[in-house]
Amino acid sequence: MERAMNKVFKKIWSQSLGCIVVVSENTRALVRLAARLALSPK
5 MERAMNKVFK KIWSQSLGCI VVVSENTRAL VRLAARLALS PK
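Quick note, the numbering used here runs 4 ahead of the 1-based positions in the sequence shown.
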């Protein structure tokens, strides 16, 4: 029998898709970076 690691997921709202998307919790840093870039003045 294989041992499975616990996988943690969360739901985020995707404005480009217009729906809730399930993502790995490891993507948190990427989401924060994308939000920061979107809010930064151009």
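Positions of the beta carbon are idealized from the N, C-alpha and C atoms, including for glycine.
(request) Tell me, to the nearest whole angstrom, how far the beta carbon of Phe13 is from that of Val25; I am working on the premise that it is less than 8 Å. (result) Locating residue 13 in the sequence shown gives position 9, where the first residue counts as 1. Locating residue 25 in the sequence shown gives position 21, where the first residue counts as 1. That belief does not hold up - the Cβ atoms of Phe13 and Val25 are roughly 10 Å apart, past 8 Å.
(request) Mind checking which residues open and close the beta strand (DSSP E) that includes Lys11? (result) On the sequence shown, position 7 is the one that residue 11 refers to. Segment: none, Lys11 is in no beta strand (DSSP E) and carries neither H nor E.
(message) Which same chain residues end up closer than 7 Å to Trp17 when comparing Cβ atoms and leaving out the 5 residues on each side of it in sequence?
(response) For the purposes of this step, residue 17 is identified with residue 13 of the sequence shown, where counting begins at 1. The answer, listed in chain order, is Ile24.
(message) Let's see if you can read the secondary structure: which residues bound the beta strand (DSSP E) around Ser20?
(response) On the sequence shown, position 16 is the one that residue 20 refers to. Where Ser20 is concerned, there is no enclosing beta strand (DSSP E), given that its DSSP letter is neither H nor E.
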